[in-house]
Every structure is written in C-alpha cells, then in structure tokens.
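Peer 1: Can you read through this structure? Questions will come right after.
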Amino acid sequence: KAGVTQTPRYLIKTRGQQVTLSCSPISGHRSVSWYQQTPGQGLQFLFEYFSETQRNKGNFPGRFSGRQFSNSRSEMNVSTLELGDSALYLCASSLGSGGRQTGELFFGEGSRLTVL
Amino acid sequence: AQSVTQLDSHVSVSEGTPVLLRCNYSSSYSPSLFWYVQHPNKGLQLLLKYTSAATLVKGINGFEAEFKKSETSFHLTKPSAHMSDAAEYFCVVSDLLGKLVFGAGTILRVKS
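If you're matching them up, the sequences are chains A and B in order. Under this note's numbering, read the first sequence as residues 8 to 123, first letter to last. Under this note's numbering, read the second sequence as residues 2 to 113, first letter to last.
Here it is as structure tokens:
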C-alpha cells in the first residue's frame, strides 16, 4: 500500500510569491491534516480536511489555506510568502476525522519550503 | 487546553543501555496520548498510543510507555538502545476535536 505522498519535496520561493503544496493520502483515507514544522516553533497544526470539508483549523493567518478534492487529495496554499514561512510542511492522513478517533496519523515526508 | 511538556530536549545514551524519554501532559479530561518518532529528513511515524485502555502500552521496535494519571506522565522507555533509535521523538496529546498537540521534541543520540 502506497504511503502518503507529498509534492514537491523541496522548493525555493521569494517573498511575496505564493506556493501550492500537494498531498496524496493513503488509499481509503478520507482525512488529511497539515502541519508546519520549524526549529523555533516545532510542529504546529494548520488544518484538517475530511470529505472535502475543513474540520479543524489552527492559529495561522488567512494567507494559509487549503482544500480537499473528491479523491481525498489535498492542497495547501500560502500566499504573499514571508521569510518566516520557511519550514517543513507535513501532511498526514487517517481513516476517520481526527487523530483521536483513529489513534494514528500517517505522515508524508514533507515539503521543505525556503523563502528568500 | 491540552498540552504536553517534554522534559529533555536532548538525551544521549550508549548502545545497549536503557532509554527514558520523559513527557508530562496537561488535560482537562481523560486524554489520548501518543509517541511519534521522526528520523532525519523523514515524516513522523507512530510508535505507540494510549486511549484509556491498558496503562502500559507497548509499541513498535521494543518501545513502551506507561500512563500515570497521578503524575500526569507518559514516559517512553526501551530496555536496550540500538543505533537505529537515534531520532527525534514527540509526545503528543489529542484534544476533543482530534487535533494533535505536539511536544517540543526530544532528540535521542545513541553512542556506540
């Protein structure tokens, strides 16, 4: 069974640009969550989608957005990039909505974004 | 609000010796707790989970953790460290909505 696939794995952008990251969950998983990982702030929850609906949202500005498609694939977008957006963005999928219910998230290897 | 505190940012052990990674949690209700591991340049992998069943939880690769409500702790242990255990470990609590709250992480170094 294929794992969670994130693309691109690495990318470099400049301030003010926007970026779109993609996540393909494990087949059959309907929930996709996004996390931002930085050395200073650690792992922070961005949002969760289940059956194309946003179920949970973290404390990030509106520049961060996401969506989920009918095949459960998800994208997240960051507009007007800032230097502080440089991070590893991790996507995780699970069978049900919320890690509490299923007890397990399956993570991809992440997309490493560098903003210059 | 739920939170976890990992008491050590770095732990160093010799190969073959026991591992102890400490985690305290704060929760206003009976929590779901997890330990995840992240190897360099990799995503996170679930080691074990506690969801109000047995207080001693066994995970993969010989790791286990004990839920102690009186001490609000969920420490991760392994009897004998292996070089491949070198990684960053995260203690995690889930809120009622299923959002995971991660600890700051503990980097485990295993010396040969």
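Cβ coordinates follow ideal geometry from the N, Cα and C atoms, glycine included.
For residue 85 of chain B, name the three-state secondary structure that DSSP assigns.
Peer 2: In the structure shown, residue 85 of chain B sits in a helix (DSSP, three-state: H, G or I).
Peer 1: Could you compute how far the alpha carbon of residue 120 of chain A sits from the alpha carbon of residue 103 of chain B?
Peer 2: Near 21 Å, if we compare the C-alpha coordinates of residue 103 of chain B and residue 120 of chain A.
Peer 1: Would a C-beta distance cut-off of 8 Å place residue 41 of chain B and residue 79 of chain B closer than the cut-off?
Peer 2: The answer is no: Cβ separation not under 8 Å.
Peer 1: Assuming residue 45 of chain A contacts residue 123 of chain A (C-beta within less than 8 Å), just tell me the rounded distance between them.
Peer 2: Wrong, their Cβ atoms sit about 16 Å apart, outside the cutoff.
Peer 1: How many whole angstroms separate the CB atoms of residue 57 of chain A and residue 80 of chain A, which I take to be in contact at a CB cut-off of 8 Å?
Peer 2: Contact doesn't hold; Cβ gap of about 13 Å is too wide.
Peer 1: Taking a cut of 9 Å between CB atoms, which residues from the stretch 60 to 93 of chain B lie near chain A?
Peer 2: Hits within the stretch, in order: 91, 93.
Peer 1: To the nearest angstrom, how far is the alpha carbon of residue 45 of chain B from that of residue 11 of chain B?
Peer 2: About 18 Å.
Peer 1: Which two residues bound the contiguous beta strand (DSSP E) that contains residue 76 of chain B?
Peer 2: 74 to 79 is the extent of the beta strand (DSSP E) around residue 76 of chain B.
Peer 1: Name the two residues that bound the continuous beta strand (DSSP E) containing residue 44 of chain B.
Peer 2: Here residue 44 of chain B belongs to no beta strand (DSSP E), and DSSP marks it neither H nor E.
Peer 1: Measuring only between beta-carbons, confirm whether residue 71 of chain A sits less than 8 Å from chain B.
Peer 2: No - not a single Cβ of chain B is within 8 Å of the one on residue 71 of chain A.
Peer 1: Can you tell me the Cβ-Cβ gap for residue 85 of chain A and residue 71 of chain A, rounded? I've got them flagged as a contact below 8 Å.
Peer 2: Between residue 71 of chain A and residue 85 of chain A the Cβ distance is about 6 Å, and since that is below 8 Å, they are a contact.
Peer 1: Return helix, strand or coil for residue 66 of chain A, following the three-state DSSP convention.
Peer 2: Coil.
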